[in-house]
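One structure is given below, encoded as structure tokens.
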Amino acid sequence: MDREKIKRILIGILPGLIVAGLVVAANTYYDLDLGKVIINEVTKIFGMFETTATTTLATVSGQVGIATTTLSRTLTVSGDVLVSSGIIEGANLEQLRLGVNNDLVEVLRGGGGPYIVCDSSGNCAGNYSYAAATGTQNYLAKFTATSTLATSVVYELNEKIGIGTTSPQYTLDVSGNLRASLSLTAGINVETLSSDKTLTPGQDKMFQWLDPNGANRAITLSTSTAKAGDKFVIRNNDDYTLHYYLQIKQGDTTLDYIYAQSIREYIFDGTNWVAGDVGTGVNSDYNVAIGYGASGYFQGVAIGHEAKGYEDGTAIGVSARGELRGAAVGEQARGDNYGAAIGRWAKGYDFGAAVGASAKGMRYGAALGYYAGYKLDETADRYNVLLGAYSGYQLTTGMGNIAIGYRAGYDSTYSPTTGSYNILIGYNAWTPATDTSRFLNIGGLIFGTNLSTTTNTISTGNVGIGTTTP
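Residue numbers (this note's numbering): 736 to 1205.
Here you go:
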């Protein structure tokens, strides 16, 4: 009986079909059209070529199984799934594409573009993460192959990175040498101070450009967290015409003074902060100060312990002082107000010049020689010219004297002290008394009196040979 006959018979006889057992169509290629078929539950369906009752499709409580009767999801498949179109779509238009566009896998956002793409060579790109390895806690990982991770030498602890160390104290702490093909740079703090300041390694920047802002300021270098090799470079950023200093301290100990536009470098040696250089000014700076407590400002130069070079002045030597276009060279030498002094304790100021230890060529005067003019009063202009060791030694307030020769005017009895306008030439040249004035002595042989001190005026005095009272 052919298919059409069976169909007509069943349609004519049955308003519907209720099946209590199996419905089997085996070894036939014809369709079975039952019209309206109500099946409360399909427990097994197997195909026409099955020789055993192998389950092909099963449903239980709204779940479907393929090649399995153990259902755990809406669709459970036991075996491989072949997707001919290569696309699986989600509820919000997300797509998983397999083998599309010659890619192994594509993951697309709902309504958007590619999220992850793995091409035919297995190279993946997009927004994803992947890590599969074992390592040591706190150490950063490194790739030892294209897909193999291992432990590196980089260590992270409390948001600090250590290289070669597991106890980093700084943002980056390296145990070993650093090398840069160009340069290593550190932060700089440019600040106008309103009070004293404490600098702490690891917290404050290495370079400190500090303006005292109208007052002397104390800068304390902390040792509490300092490590050997920590460094600060400090510059007094004040105007070069001003004299306010930065007092550098460690605890209660003063290490140094930094004057306007001078720079110092300090390095922690593990116990104390020590100077790292001589602290010269740089580039367009007008001042130079070298030495502990040396100060040079307003185009001043000071070289030496406590040397002072102010207002175009130059001072070289321990406690030397050169001010107001003056120059001083030697320990405690003083060359002020267009004066010049060369030698230990030499004084040449107020347009004066002094050369020699303890020489005084001051107040429009000149002194050349050891202790020349040593006792001169410094409160008024004197105009003396003294050449030779101890020349004019006894002069105090005497003015306009000329003494040439070793110890000319040195004797305490026969040398001018208050006397003025004398000319003494020769070894141990002298005057009759300490208040003698306008007197000439050449070698103790030729004497003159009443010397003229007025331009184009002939003296009314006398000249004697072998007598002091011609």
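The beta-carbon is built from N, C-alpha and C at its ideal position, and this holds for glycine as well.
Rounded Cβ spacing between residue i and residue j (contact assumed at less than 8 Å)
i: Ala-950; j: Asp-1004; result: Ala-950 to Asp-1004, Cβ: 31 Å. No contact.
i: Glu-1066; j: Lys-1043; result: Actually they are not in contact, since the Cβ atoms of Glu-1066 and Lys-1043 sit about 13 Å apart, beyond 8 Å.
i: Ile-801; j: Val-812; result: 5 Å
i: Ala-1092; j: Tyr-1073; result: Not confirmed; about 22 Å, so no contact.
i: Lys-1082; j: Ala-1076; result: 5 Å
i: Leu-875; j: Glu-891; result: 6 Å
i: Gly-1096; j: Gly-1078; result: Contact doesn't hold; Cβ gap of about 10 Å is too wide.
i: Thr-1169; j: Phe-1182; result: In fact, because the Cβ distance is near 17 Å, the residues do not count as touching under 8 Å.
i: Ala-1164; j: Ala-1124; result: That belief does not hold up - the Cβ atoms of Ala-1164 and Ala-1124 are roughly 13 Å apart, past 8 Å.
i: Ser-997; j: Asn-1022; result: 6 Å
i: Asn-1197; j: Thr-1184; result: 6 Å
i: Asp-946; j: Thr-933; result: Not quite, the Cβ-Cβ distance comes to about 17 Å (not below 8 Å), so this is no contact.
i: Ser-916; j: Tyr-980; result: 39 Å between Cβ atoms; not a contact.
Same chain, Cβ closer than 8 Å to residue i, neighbours up to 5 away in sequence not counted
i: Ser-1155; result: Gly-1133, Met-1134, Gly-1135, Asn-1136, Ser-1172, Arg-1173
i: Thr-900; result: Tyr-890, Asp-908, Val-909, Ser-910
i: Lys-940; result: Ala-921, Gly-922, Ile-923, Asn-924
i: Ile-1200; result: Leu-1180, Ile-1181, Phe-1182
i: Lys-895; result: Pro-903, Gln-904, Tyr-905, Thr-906, Leu-907, Asp-908
i: Ser-887; result: Tyr-874, Leu-875, Ala-876, Lys-877
Host beta strand (DSSP E) of residue i (start-end)
i: Gln-985; result: 981-985
i: Asp-946; result: 942-946
i: Lys-1082; result: Note, Lys-1082: premise wrong, no beta strand (DSSP E); not H, not E.
i: Ala-1010; result: 1008-1010
i: Arg-844; result: From DSSP, Arg-844 is part of no beta strand (DSSP E); its letter is neither H nor E.
i: Tyr-992; result: 988-993
i: Ser-887; result: 883-892
i: Thr-927; result: 923-927
i: Thr-794; result: 792-795
i: Glu-829; result: That residue, Glu-829, is in no beta strand (DSSP E); it is neither H nor E in DSSP.
i: Ala-880; result: 874-880
i: Ile-1077; result: 1075-1077
i: Arg-952; result: 952-956
i: Asp-908; result: 907-909
i: Leu-1122; result: 1120-1122
i: Gly-1199; result: 1198-1200
i: Leu-1103; result: 1101-1103
i: Ala-1094; result: Careful: Ala-1094 lies outside any beta strand (DSSP E) and carries neither H nor E.
i: Ile-1193; result: Looking at the DSSP string, Ile-1193 is not in any beta strand (DSSP E), and its letter there is neither H nor E.
i: Ala-1138; result: 1137-1139
i: Ala-1062; result: 1062-1064
Coil, strand or helix - residue i by DSSP
i: Val-1053; result: coil
i: Val-816; result: coil
i: Asn-1022; result: coil
i: Asn-971; result: strand
i: Asn-836; result: helix
i: Thr-805; result: coil
i: Ser-1030; result: strand
i: Glu-1113; result: coil
i: Lys-1043; result: strand
i: Lys-932; result: strand
i: Ile-898; result: strand
i: Gly-870; result: coil
i: Lys-962; result: coil
i: Arg-1069; result: strand
i: Ile-1146; result: Strictly speaking, residue 1146 in this sequence is Asp, with Ile absent from that position. Coil at Asp-1146, not helix or strand.
i: Thr-1188; result: coil
i: Ala-761; result: Residue confidence for Ala-761 is low, a pLDDT of 47 falling below 50, so the modelled location carries little weight; the figure read from the coordinates is stated next. DSSP places Ala-761 in coil when its eight states are reduced to three.
i: Ala-1164; result: coil
i: Asp-733; result: Nothing about residue 733 can be reported from this structure: the residues present for the chain run from 736 to 1205 only.
i: Thr-1131; result: coil
i: Thr-811; result: strand
Opposing strand residues paired with residue i [DSSP bridges]
i: Asn-1176; result: Leu-1159, Phe-1182
i: Tyr-710; result: Residue 710 is absent from the structure shown; the chain starts at 736 and stops at 1205.
i: Gln-798; result: Val-795
i: Ile-1038; result: Ile-1025, Ile-1051
i: Ala-860; result: Val-852
Beta-carbon proximity list for residue i, same chain, < 7 Å, skipping 5 on both sides
i: Leu-977; result: Ala-995, Tyr-1032
i: Thr-1131; result: Lys-1110, Leu-1111, Asp-1112, Thr-1152, Thr-1153
i: Ser-1187; result: Ile-1193, Ser-1194
i: Thr-763; result: Per-residue confidence for Thr-763 stands at a pLDDT of 45, beneath the threshold of 50, marking its modelled position as unreliable; the derived number appears in the next sentence. Here the set comprises nothing.
Spatial neighbours of residue i in its chain, beta-carbon cut-off 6 Å, leaving aside the 5 residues before and after
i: Cys-859; result: Cys-853
i: Leu-1122; result: Leu-1103, Ile-1139
i: Gly-1035; result: Asn-1022, Gly-1044, Tyr-1045, Gly-1048
i: Ile-983; result: Ile-954, Leu-990, Asp-991
i: Ala-1063; result: Ala-1050, Ala-1055, Arg-1056, Gly-1057, Arg-1069, Gly-1070, Ala-1076
i: Leu-810; result: Val-799
i: Ala-961; result: Pro-936, Phe-1003
beta-carbon residue i near the ligand MG non-hydrogen atom, thresh 8 Å
i: Ile-1051; result: Ligands in the displayed structure: none, and consequently the ligand MG is not present.
Minimum Cβ-Cβ distance from residue i to chain D less than 9 Å
i: Asn-893; result: As a matter of chain content, chain D is missing from the structure shown, which is built from one protein chain.
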